[in-house]
Each structure stands twice: as structure tokens, then as C-alpha cells.
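*Asks:*
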Amino acid sequence: MFLEDVSSEPMWYVVHTYSGYEDKVKKSLETVIKNRGMQDYFFDIIIPMLEEVEIKDGREKSALKKIFPGYVLVKMILTDDTWYIVRNIRGVTSFVGFGNKPQSLTDEEVCALGVDQTKTVDYEIGDTVRIISGPLENFTGVVESINVEKSQVKVLVSMFGREISAELEYSQIQRIF
Numbered sequence: 484m485f486l487e488d489v490s491s492e493p494m495w496y497v498v499h500t501y502s503g504y505e506d507k508v509k510k511s512l513e514t515v516i517k518n519r520g521m522q523d524y525f526f527d528i529i530i531p532m533l534e535e536v537e538i539k540d541g542r543e544k545s546a547l548k549k550i551f552p553g554y555v556l557v558k559m560i561l562t563d564d565t566w567y568i569v570r571n572i573r574g575v576t577s578f579v580g581f582g583n584k585p586q587s588l589t590d591e592e593v594c595a596l597g598v599d600q601t602k603t604v605d606y607e608i609g610d611t612v613r614i615i616s617g618p619l620e621n622f623t624g625v626v627e628s629i630n631v632e633k634s635q636v637k638v639l640v641s642m643f644g645r646e647i648s649a650e651l652e653y654s655q656i657q658r659i660f
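Residue numbers for the sequence shown follow our numbering, so the first one is 484 and each next one is one higher.
(1) Please report the straight-line C-alpha distance between Met484 and Lys633, rounded to a whole angstrom.
(2) Taking its Cβ as the centre, do 16 or more other Cβ atoms sit within 10 Å of Gly477, making it buried, or is it exposed?
(3) Quick check for students: name the residue ranges of the alpha helix (DSSP H) that lie wholly in the stretch 537 to 583, counting only runs of 4 or more.
(4) Where does the unbroken beta strand (DSSP E) through Asp610 begin, and where does it stop?
(5) Measuring only the C-alpha atoms, how far is Ser491 from Tyr554?
(6) Using a threshold of 9 Å, state whether the C-beta atoms of Leu556 and Val497 are closer than that.
(7) Just to confirm, are Ile560 and Asp506 a CB contact at a threshold of 9 Å?
(8) Please report the residue range of the alpha helix (DSSP H) in which Glu646 lies.
(9) Alpha carbons only, please: which of Thr562, Thr576, Val631 is nearest the one belonging to Leu596?
(10) DSSP three-state call for Asp590: helix, strand or coil?
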């Protein structure tokens, strides 16, 4: 085997691409994975993006901006076949690592990028939730917005006949079914 000491667990790898080819690489990789039936080896392909809000002509306009231009993150089980598939996608220059051996990201690096969200959110905007901890404990409210990067939600709570907005952590609320 060309790659030694390979884990059978899926890991995040950084793939270097030609600048501006990130979307093409992602789309091509998804197509090749599907065509070759390799879905059991590839789990996620991400181009890290950040929403940027600009004010133009008095209006707010949001646009997604690539955080790391020229890079794509791939969560996969590394084998000779998966390495070959990724490495031979048009627009891919290399894996980030030493020589021909890709270096996987550590859990700390993945968390710092905000990519691998281990906490799953079981509610959506508009859902009714109960606040289970903090100063507003036992109040109910409606989810107004969800901020995945900060692991926070904005909840509209009715208090004393007025609606107030409260920013809470994921762990502070529970969905009411």
C-alpha cells in the first residue's frame, strides 16, 4: 500500500486547488464520487465561507466570501483509491501535507475552523422552544435566528406583554413538540 498508517476513520484533509477553481473542484469531486460509488469513503466537501455584510446605497447586502481561497476541505477515509481520486480532479494541485502523504487536521484545528459542528440543532427558525437554564428559565419563545458559528440562537420571548429578544446558547433551550 502506498499510504501507510492510514486510519479507517474519516478525517478532514485540506486540498490545494488553483485559485478560483474551488467550486469546480467540489462539483467534479462530488460527480466522480457518485459515479464510482465511493460514497462510503467520502463524507463531506466544504469550501469554508464567511458571510460578509456590506452597505451599498443605504442598503445592506450580504455576500459569501471564501475564507481560504485556493483550498477545499474534504472529510474522507484515506486510502490509495480515495487519494488517487482527489489528486486527479482537474484543478487540484496537491494535498496539504508532507511529500505525497496528506496530513489530516486535528480536532482542535477543525473546531477552530468552525467546520465540524458536533452539536446538532433539532430546531429551526419559527419553532417554539422552552428555555431550560439561565435568567429566563421556564419561559417559552420562538426561534428568531440561529448563529451556527457562535452556537447561539436568538429567541423572541413574551414577557409582561412585550416581546423581547434574547441570545442563548444551544444548551439553554429545548424544542417543544
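Idealized CB from N, CA, C, for every residue including glycine. In this text, all values refer to a predicted model and were calculated from it rather than measured experimentally.
*Replies:* According to the structure shown:
(1) Counted from its first residue, the sequence shown places residue 484 at position 1. Counted from its first residue, the sequence shown places residue 633 at position 150. Reliability fails at Met484, whose pLDDT of 40 lies under 50, so the model's placement of it is uncertain and the value that follows must be treated cautiously. Cα to Cα, Met484 sits roughly 42 Å from Lys633.
(2) The question about residue 477 has no answer, for the chain in this structure spans 484 to 660.
(3) Taken in chain order, the complete alpha helix (DSSP H) segments of 4 or more residues contained in the stretch 537 to 583 are 563 to 570.
(4) As a working note, residue 610 is residue 127 in the sequence shown. Here Asp610 belongs to no beta strand (DSSP E), and DSSP marks it neither H nor E.
(5) Working through the sequence shown from its first residue, we reach residue 491 at position 8. Working through the sequence shown from its first residue, we reach residue 554 at position 71. The C-alpha of Tyr554 is placed about 24 Å away from the C-alpha of Ser491.
(6) Counted from its first residue, the sequence shown places residue 556 at position 73. Counted from its first residue, the sequence shown places residue 497 at position 14. Going by beta carbons, Leu556 and Val497 fall inside the 9 Å limit.
(7) In the sequence shown, residue 560 corresponds to position 77, counting from 1. In the sequence shown, residue 506 corresponds to position 23, counting from 1. No. Outside cutoff.
(8) Position 163 of the sequence shown holds residue 646. Where Glu646 is concerned, there is no enclosing alpha helix (DSSP H), although the beta strand (DSSP E) it sits in stretches over 645 to 652.
(9) Position 113 of the sequence shown, counted from the first residue, corresponds to residue 596. Comparing Cα-Cα distances from Leu596 to each of Thr562, Thr576, Val631, the minimum goes to Val631.
(10) Numbered from 1 along the sequence shown, position 107 holds the residue referred to as residue 590. Look at Asp590 here: in three-state DSSP terms it is helix.
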